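Q: In full-length UniProt numbering, the protein residues as written are 1 to 421. Got a structure here, written out as structure tokens. Questions coming.
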Amino acid sequence: MTEAPGLTVPQGTRRHMDYDQLFRTQLDALKSDGNYRVFAELERYRGAYPKARNHGAGADEVTVWCGNDYLGMGQHPEVLAAMHEALDKCGAGAGGTRNISGTTHSHVLLEAELADLHDKEAALLFTSGYVSNWAALGTLGSRLPGCTILSDAFNHASMIEGIRHARCDKRIWAHNDPRDLERKLADLDPDAPKVVAFESVYSMDGDIAPMAEILDVAEQFGAMTYLDEVHAVGLYGPRGGGIAEREGLADRVTLIEGTLGKAFGVVGGYITGSVELVDFIRSFASGFIFTTALPPAVAAGAAASIRTLKGEEGTGLRARQRRQVARLRDALDRAGIPHLDNPSHIVPVMVKDPVKCKMLADILMQDHGIYVQPINYPTVPKGTERLRFTPSPLHDDGDIDALVSALHHLWSQCALARAAA
Ligand code: PMP
């Protein structure tokens, strides 16, 4: 074999670059700011949520207080039975991308279930909610000629990345402020396509978008609307169709995006909309086309979860979750622990210091068997560090009492300010 000329590296000319040192420098900066993420190593076990075994530092069994399996559907017997059945029948993986042998009957049934949930003509699955936002916004912004995406200032990272990926014109409007949106829309070419992108329930503050007003403004300027209902699907509306369903607005939203990984307890993401819109994304989104489809068992489990939450059992779980959320808020108020007042199921307890936030979470885990992940920058702005509690219908009154009593005790120990009574 002849050697290609010029490709031989002569002895002694290797250049040493310490890449690990470059990585360490940035990691050390994160650590000294108190923003380095360490995760708990949990073992979920059947029927136990919100309890889990802990294989990391701290108590052996913990109560999970920061889960996004908001209604405990990840362990619901009907979801598990549907997954077992599909696993036995269909095997493990989908066997291909959606276009090349990976579309199974389970995927098609799930898409029909999702379209029905949001009262839309069609739905399209993705491997996660993150991918659905990234792929759908990226495709809309890059494929609609002259498109501007108008994005709420607090939109999730997956939407921001999708908009960046689109490389189209973008405008950021002040969070939950339809008047600012109106001003930004008024500046644009009335005949060019526009996408107004926002969320219904914002995951870190738990506030809810003034949806009717946003839709009014978008319609006035002929903009399509892109709504992320990731923290609302399964939880709000008579059938768990989200805030748009609860407020009777689903038919006015052009595209509703959601996840199967939070209240539905499984994994995956989706969009719903008109036949043309969904076909457009299906046909052009690389994040849909060039990746292996979700396993059929996941699709079957998600469909069972959605069906359960559409019905009477879902109504009961949602009501009990609301009761437990209210109970936790009341108990925090009585203990003088400051928390954001919002109309959702998310209870952010404000610590406002990254080091104390992490310290509190560590002590809760070590000494009280309470697991809550500290939420620090860049997930939230500096100075607004918090513990984000998500009560489920499966957290009982004893869990709530234990949590608030531990916080009450630690609040003074960590010299944190109390809320005005
Ligand atoms: N949108 C929002 C608002 C989110 O908070 C998240 C996840 N935290 C996603 C999308 C992504 O969803 P998934 O976890 O299914 O990727």
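In this text, a Cβ means the ideal position worked out from N, Cα and C, and glycines have one as well. This one's a predicted model, so the numbers in the text were calculated from it and none came from an experiment.
Can you give me the C-alpha to C-alpha distance between S32 and V351, rounded to a whole angstrom?
A: 18 Å
Q: L110: which of L71, L125, G96 sits nearest, CA to CA?
A: L125
Q: Given a threshold of 16 other Cβ atoms within 10 Å of its Cβ, counted over all protein chains shown, does E276 qualify as buried or as exposed?
A: exposed
Q: Going by Cα to Cα distance, which pick from A82, G102, P145, C147 is closest to T127?
A: It is G102 whose Cα lies nearest to the Cα of T127.
Q: So within the region 75-125, which uninterrupted alpha helix (DSSP H) runs reach at least 4 residues, ignoring any that extend past its ends?
A: Those alpha helix (DSSP H) runs which fall completely within the region 75-125 and span 4+ residues are 77-90, 105-117.
Q: Distance check for G74 and P10, CA to CA, integer angstroms please.
A: 58 Å
Q: What does DSSP give as the partner residue(s) for I271 in the beta ladder?
A: L124, E257
Q: Should residue 448 and L387 be called a contact, given that it needs their Cβ atoms to be closer than 9 Å?
A: Nothing can be reported for residue 448, as the shown portion of the chain is limited to 1 through 421.
Q: Could you tell me if S392 is buried or exposed, where buried requires 16 or more neighbouring beta carbons within 10 angstroms of its beta carbon?
A: buried
Q: Taking 9 Å as the cut-off, decide whether the C-beta atoms of R239 and L117 are in contact.
A: Yes, they are a contact pair.
Q: For the ligand ATP, I want to know if V347 counts as a neighbour, meaning its beta carbon is within less than 8 Å of at least one of the ligand's heavy atoms.
A: By its list of ligands, the structure shown excludes the ligand ATP, since it contains just the ligand PMP.
Q: Does the ligand PMP have a heavy atom nearer than 8 Å to the CB of H55?
A: no
Q: Between which residues of its own chain and A86 is the CB-CB distance below 7 Å, once the five residues before and five after are set aside?
A: S106, P296, A297, A300
Q: At the level of alpha carbons, what is the spacing between H345 and R320?
A: 11 Å
Q: Could you check where the alpha helix (DSSP H) with residue 423 kicks off and where it finishes?
A: Within the shown structure, residues of the chain are numbered from 1 to 421, placing residue 423 beyond reach of any answer.
Q: For K310, name the three-state secondary structure that DSSP assigns.
A: Of the three classes helix, strand and coil, the one that applies to K310 here is helix, per DSSP.
Q: Per DSSP, K170 is paired with what?
A: Residue pairing by DSSP places K170 opposite I149 in a beta bridge.
Q: Mark V195 as exposed unless 16 or more other C-beta atoms lie within 10 angstroms of its C-beta, in which case mark it buried.
A: If you draw a 10 Å sphere on the C-beta of V195, you find 16 or more other C-beta atoms in it, and that means buried.
Q: Would R37 count as contacting chain B if we go by Cβ distances under 9 Å?
A: Although the question refers to chain B, the structure presented lacks it and comprises just one protein chain.
Q: Is the beta carbon of A112 sitting closer than 9 Å to the one on A94?
A: no
Q: Quick one: measure Cβ to Cβ for G129 and G269, integer angstroms, because I've assumed they're closer than 8 Å.
A: 4 Å
Q: The alpha helix (DSSP H) spanning D228 covers which residue range?
A: Segment 224-228 is the beta strand (DSSP E) holding D228; no alpha helix (DSSP H) there.
Q: To the nearest whole angstrom, what separates the beta carbons of T148 and R171, a pair I think is in contact under 8 Å?
A: 6 Å
Q: May I have the straight-line CA-CA distance separating V217 from A186, to the nearest angstrom?
A: 10 Å
Q: Please classify N99 as buried or exposed, where buried requires at least 16 neighbouring CB atoms within 10 angstroms.
A: exposed
Q: Is the CB-CB distance between V230 and T259 below 9 Å?
A: For the 9 Å CB-CB criterion, V230 and T259 form a contact.
Q: Under 8 Å Cβ to Cβ from V64, same chain only, skipping five residues before and after it: list those, please.
A: L42, Y49, P50, K51, A52, Y371
Q: If you reduce the DSSP assignment to three classes, tell me which class L30 lands in.
A: helix
Q: Using CA coordinates, which residue listed in C168, A192, D207 is at the minimum distance from E199?
A: Out of C168, A192, D207, D207 has the C-alpha closest to the C-alpha of E199.
Q: Where do the ends of the beta strand (DSSP E) carrying F221 lie?
A: Here F221 belongs to no beta strand (DSSP E), and DSSP marks it neither H nor E.
Q: What are the boundary residues of the beta strand (DSSP E) that A406 is part of?
A: Segment 397-413 is the alpha helix (DSSP H) holding A406; no beta strand (DSSP E) there.
Q: Cβ of D69 within 8 Å of any heavy atom in the ligand PMP?
A: no
Q: Output needed for V267: all residues of its chain with C-beta closer than 7 Å, excluding positions within five of it in sequence on either side, in chain order.
A: S128, L260, G261, V298
Q: For the ligand PMP, any of its heavy atoms closer than 8 Å to the Cβ of H156?
A: yes
Q: Which term fits Q324, buried or exposed, when burial requires 16 or more other beta carbons within 10 angstroms of its beta carbon?
A: buried
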